[in-house]
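Just so you know, we're using the UniProt record's numbering here: the sequence shown kicks off at 1 and counts up by one.
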Amino acid sequence: MLLVNVPVPTSFQQLKIVNGVTHATFCSACQAFNLLENDQHWNICIYDACNMSHPNQIRTLSAIILTACSPSSPIELWEKYKSHMAEDILHRIRSENSNLNMDFTVEIYNEALIMIEDLCLQIAKKVLDQLGMSSPNRSASASFDIKLHREQN
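Now the structure itself:
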């Protein structure tokens with residue numbers, strides 16, 4: 001793609017120069033030329049869902065995007081919207097502990113990832129690491145439940 005869009009390239013290094021900026025990789029040069037699809041439409045889609053949907057629906061949407069649309073940076077989408085996807089889990093744990101000051105934890109995010117991975121398994125029979133993300137720690141989820149139970153008693 002770069003060979004077609006860079007006028008009279010004389011070296012491979014020249015292919016990485018876009019508008020006077022030298023890019024580290026051919027991929028980033030292609031993105032600068034807008035030759036590659038990016039995740040902006042998935043970003044907008046999840047952003048809109050965050051404004052009007054329940055966290056469970058946002059997780060379902062994310063699983064559909066992961067399994068059917070192959071986003072180029074799924075981890076970035078997760079990092080950007082993970083609090084929205086785990087909001088109901090945080091609310092449940094706050095209620096169970098009678099602690100309204102509790103904030104998001106790694107365990108809460110892990111539980112949300114487990115739910116997303118379960119959806120991906122139902123939809124496409126794929127775990128998150130097959131879809132460009134890290135798999136959740138399922139054993140940590142069990143120990144989190146035990147720790148939470150101890151705090152309640």
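Glycine is no exception: its CB is placed at the ideal position from the N, C-alpha and C atoms. Note that this is a predicted model, so its numbers are computed, not measured.
If you follow the alpha helix (DSSP H) that residue i is in, where does it begin and where does it stop?
i    : result
N110 : V106 to A124
T67  : P55 to A68
D48  : Q40 to M52
D88  : E87 to N97
S28  : F26 to A32
Just mark residue i as buried or exposed, buried being the case when its beta carbon has 16 or more other beta carbons within 10 Å.
i   : result
V21 : exposed
Y47 : exposed
In angstroms, rounded to a whole number, what distance separates the CA positions of residue i and residue j?
i    : j    : result
Q152 : C120 : In this predicted model, Q152 has a pLDDT of only 49, less than 50, meaning its place in the structure is not dependable; the value taken from the coordinates is given anyway. Each residue's Cα considered, the two are about 32 Å apart.
S73  : A86  : 20 Å
Q122 : F33  : 37 Å
V8   : G132 : 36 Å
N101 : R94  : 8 Å
Q31  : F104 : 34 Å
Would you mind working out which of the options sits nearest residue i, comparing C-alpha positions?
i    : options             : result
S70  : E96, H41 and N137   : H41
D129 : S141, L113 and N101 : L113
D39  : E76, E117 and V106  : E76
E107 : V127, S83 and S98   : S83
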